[in-house]
Amino acid sequence: MDKYIKINPADNIIVAVEIIPAGSTIEIDGKSLQVSRAIPAGHKVAIQDFEPGDNIIKYGFPIGHATQAIPAGGWVNERNIKTNLSGLLDYTYDPQAIPPIEAKGEYTFKGYRRKNGEVGIRNEIWIIPTVGCVNGIVNQLAERLRNETQSMGVDTIVAFPHNYGCSQLGEDHENTRKILRNMVLHPNAGAVLIVGLGCENNQPDAFREFLGEYDEERVRFMVTQQVDDEVETGMQLLRDLYDLASADTREDVPLSELRVGLKCGGSDGFSGITANPLLGVFSDFLVAQGGTTVLTEVPEMFGAETLLMNRCETTELFNKTVHLINNFKAYFIANDQPVYENPSPGNKAGGISTLEEKSLGCTQKSGRSAVKDVLMYGDRLKTKGLNLLSAPGNDLVASTALASAGCHMVLFTTGRGTPFGTFVPTVKISTNSTIYNQKPGWIDFNAGTLLEGDTMETLSEKFINFLIDTASGKPTNNERKNYREIAIFKKGVTL
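Residue numbering for the sequence shown follows this note's numbering, beginning at 1 and increasing consecutively.
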């Protein structure tokens, strides 16, 4: 295994694949460099002398500029590099020719065909509160039904408590209604019990109308202030729902029906080298099959947004993407927060120094397909192919938004590790083998072997088969451990 990697011929830094001890000699581009101090794995080493103001190039693009002199062989990190980004930007549409990606073979998975024609990859019973006041009740109902049935015939029985549904105004109230509506209509649920209180802002009757067309046999309501015994009434409803859902069976479904969310968190210096490019290859593969992928984390597009804008299929989509970006920048500015101070302490410890560096790695998850649609927060998917979705970078908020849009699963790359899962299977893909070996109960698939001799062609084929198995029912680590949560985006005041 090489001790370092130069990602793009235009780069003027290299990335340490393992710790490079102080005093080591590096042979690169016909030159010998001596490393002045130990370089941690995932971090950057200068391969030229930098003066203050010089651009530092990674992935073939500037990721910031030097704030002080850095000698060749020096460690490049957040203490001597600063972002080039500032303020709001004007954008010009420069559409790029995107070669078509040929579909290889015809793939299927085992899924559940719902009455409305949609397909789910799980057959679960969900108990969803309209308001946080009834969280204790929905948790109690889920536990009682699991104990009574042992979940035989369904994949799981789970409640999804949250803090909202009342004391919210305007956009926050609508965000809550949209996320909960999209959960109720999600095809991974074989049956849903909606539990309300009765006096909340998110009134059950109004929410019922907000759902639009739905399967009234599989979606039931209970308003706890209107029944004598909410537990017994809830259990009667759940037993009926369980009898219906437990009779469902899997059938062969073309891969074109699969919808997958793309997300990263706890990124490190290898994210843009291993796991994110692997997701990009899979995204292109699925799109070529007629399927759907969704990229979100808008603040982590800043600095790489033009690459996405110029892949938009039409001027209308370009304009929607500009709005997607500028709307999020305006959100930061309205709250008196810096737009471009994104990399977290964990990112920096893992080797990411600026937002451009993070974004150029992050957007690789989208592969090289054309952008087919742009969704605002709470929108549901309506166009196959690669979609962009408005949501923040926060792991649980963004993953919830992806699932809410209709994604059957979320693919989550990480270099630092995280155990969480949202309300659909949340597949963790490690950027390095160290975290994969350290946290086998968190990580589902290791992309770190790309640093150890595996080819992208070999690993992507293995990854495709792994995800088909996952779509066909093989549980992820978050499912095995019952780590399932939702988080709804909140902008405004609480009454």
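Glycine is no exception: its CB is placed at the ideal position from the N, C-alpha and C atoms.
The model shown is predicted, which means the values in this text are computed figures rather than measured ones.
If distances are taken between C-alpha atoms only, which option among the options comes closest to residue i?
| i | options | result |
| --- | --- | --- |
| residue 224 | 129, 248, 260 | 129 |
| residue 333 | 22, 149, 87 | 87 |
| residue 481 | 52, 172, 156, 377 | 156 |
| residue 419 | 438, 402, 408 | 438 |
| residue 345 | 308, 412, 233, 268 | 268 |
| residue 250 | 469, 10, 494 | 469 |
| residue 441 | 483, 154, 124, 454 | 483 |
| residue 325 | 226, 393, 272 | 393 |
| residue 256 | 373, 119, 209 | 119 |
| residue 302 | 76, 461, 312, 328 | 328 |
| residue 2 | 314, 253, 15 | 15 |
| residue 124 | 9, 145, 11 | 145 |
| residue 239 | 383, 371, 152, 228 | 152 |
| residue 493 | 56, 362, 167 | 167 |
| residue 476 | 454, 299, 453, 443 | 443 |
| residue 421 | 213, 479, 358, 21 | 479 |
| residue 368 | 462, 337, 101, 463 | 101 |
| residue 498 | 12, 451, 408, 96 | In the structure displayed, the chain extends from 1 to 495; residue 498 sits before or after that span and is not available. |
| residue 206 | 172, 165, 229, 218 | 165 |
| residue 67 | 170, 171, 264, 81 | 81 |
Given this structure, state the Cα-to-Cα distance separating residue i from residue j, to the nearest angstrom.
| i | j | result |
| --- | --- | --- |
| residue 63 | residue 339 | 16 Å |
| residue 29 | residue 414 | 31 Å |
| residue 360 | residue 40 | 21 Å |
| residue 34 | residue 46 | 10 Å |
| residue 79 | residue 353 | 8 Å |
| residue 323 | residue 386 | 18 Å |
| residue 103 | residue 282 | 12 Å |
| residue 406 | residue 183 | 8 Å |
| residue 114 | residue 150 | 24 Å |
| residue 17 | residue 433 | 11 Å |
| residue 490 | residue 92 | 31 Å |
| residue 69 | residue 51 | 5 Å |
| residue 132 | residue 203 | 13 Å |
| residue 402 | residue 375 | 10 Å |
| residue 176 | residue 378 | 9 Å |
| residue 428 | residue 316 | 34 Å |
| residue 381 | residue 389 | 9 Å |
| residue 189 | residue 307 | 36 Å |
| residue 297 | residue 411 | 13 Å |
| residue 193 | residue 259 | 24 Å |
| residue 474 | residue 467 | 9 Å |
| residue 99 | residue 318 | 19 Å |
| residue 136 | residue 495 | 22 Å |
| residue 117 | residue 365 | 29 Å |
| residue 163 | residue 485 | 12 Å |
| residue 417 | residue 430 | 7 Å |
| residue 38 | residue 19 | 7 Å |
| residue 400 | residue 71 | 44 Å |
| residue 425 | residue 23 | 46 Å |
| residue 54 | residue 458 | 39 Å |
| residue 85 | residue 273 | 23 Å |
| residue 105 | residue 311 | 26 Å |
| residue 253 | residue 59 | 38 Å |
| residue 226 | residue 217 | 21 Å |
Tell me the DSSP secondary structure of residue i in three-state form.
| i | result |
| --- | --- |
| residue 481 | coil |
| residue 447 | coil |
| residue 158 | strand |
| residue 133 | helix |
| residue 80 | coil |
| residue 251 | strand |
| residue 112 | strand |
| residue 44 | strand |
| residue 204 | helix |
| residue 373 | strand |
| residue 12 | coil |
| residue 362 | helix |
| residue 95 | coil |
| residue 400 | helix |
| residue 64 | strand |
| residue 500 | A question about residue 500 goes unanswered here, because the residues of the chain that appear run from 1 up to 495. |
| residue 387 | strand |
| residue 242 | helix |
Which partner residues does residue i have in the DSSP bridge list?
| i | result |
| --- | --- |
| residue 412 | 263, 428 |
| residue 186 | DSSP output for residue 186 lists no bridge partner at all. |
| residue 34 | 25 |
| residue 319 | Answer by DSSP bridge pairing: none, since residue 319 is not bridged. |
| residue 193 | 127, 220 |
| residue 407 | Looking at the DSSP assignment, residue 407 forms no beta bridge with any residue, so it has no partner. |
| residue 58 | 61 |
### Query
Does the region 275-291 come within contact of the region 136-145, defined as at least 3 CB pairs closer than 8 Å?
no
### Query
Are the region 432-447 and the region 266-285 touching, with three or more C-beta to C-beta distances below 8 Å?
yes
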